[in-house]
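Under our numbering, the sequence shown has 62 at position 71, and the numbering climbs by one with no breaks. Beta carbons are placed, not taken as given, at the ideal position from N, Cα and C, and that holds for glycine. Read through the structure below, which is laid out as structure tokens, and then see the notes.
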Amino acid sequence: MYAMALKQATAVRREVCCSAYHQAVELVGKRWTGAILFVLLDGPVRFSEVKRLVPDLSDRLLSERMKELEAEGIVERRVIDDTPPKVEYALTAKGQALEPAVRALKVWARTWL
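Next up, the structure:
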């Protein structure tokens, strides 16, 4: 009887995983997305610079991830009027708001992995 009451009390305190949290984890947890976000935390970069800073990331996958992050309003693509024109990527305010989570994950990874 006591064990059953304890089990029920524990279950009551657990929070249900909300869909917004699940969506955020799925977005940021996609392969290479966290690394791309980490690189962008230091400011705007060009496509080739992201490739250099995230080894083993293919052009196709980087392009796909950038488009996804842009569609989510996390990354902004900027065309710089120059000869030849240059394109750089930067975090939006929404993307910058991820900084504490991304940096905390890096600290956790260095400690535990």
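- Between L18 and E63, the beta carbon gap of about 6 Å places them in contact (Cβ cut-off 8 Å).
- Using a Cβ-Cβ distance cut-off of 8 Å, the segment 22 to 38 and the segment 77 to 93 are in contact, since at least three pairs of beta carbons, one from each stretch, lie closer than that value.
- By alpha-carbon distance to E59, the top candidate from A15, R101, L104 is A15.
- The beta carbon of W23 sits closer than 8 Å to the beta carbons of V45, L48, L52, L53, R56 from its chain, once the five residues preceding and following it are set aside; these are given in chain order.
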